[in-house]
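One structure below.
Numbering (our numbering), first residue to last: 1 to 90.
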């Protein structure tokens, strides 16, 4: 039950769901959210062709920045930077 509810919550704001329009494009924070749920969007896109990993109606550079920050941090990129700095301080 918890897994089903978690999946519903995560996919409620998936890219391509129609919430972002040319008049109201997705911004920085939507980019962060879409980056965090990108693996789920990718799997969902295998079963539903209307789902996307990336929102096409976005603000441009700011959306991209949020999206890629979330993707990089999701794979440990930002934590590696922090770890290497903390080792230098010791």
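Here a beta-carbon is modelled for each residue, glycine too, at the ideal position from N, C-alpha and C.
{"Query": "Distance cut-off 7 Å: residue 69 Cβ against heavy atoms of the ligand MN", "Result": "Of ligands this structure carries none, so the ligand MN is not represented either."}
{"Query": "For residue 38, the first and last residue of its enclosing alpha helix (DSSP H)", "Result": "38-47"}
{"Query": "Paired residues, beta bridge with residue 96 - DSSP", "Result": "The question about residue 96 has no answer, for the chain in this structure spans 1 to 90."}
{"Query": "Selected residue, minimal CA-CA separation from residue 65, among 44, 41, 33", "Result": "33"}
{"Query": "Buried or exposed (CB count within 10 angstroms, at least 16 for buried), residue 60", "Result": "exposed"}
{"Query": "7 Å Cβ shell around residue 27 - same chain, five flanking residues per side excluded", "Result": "59, 62, 63"}
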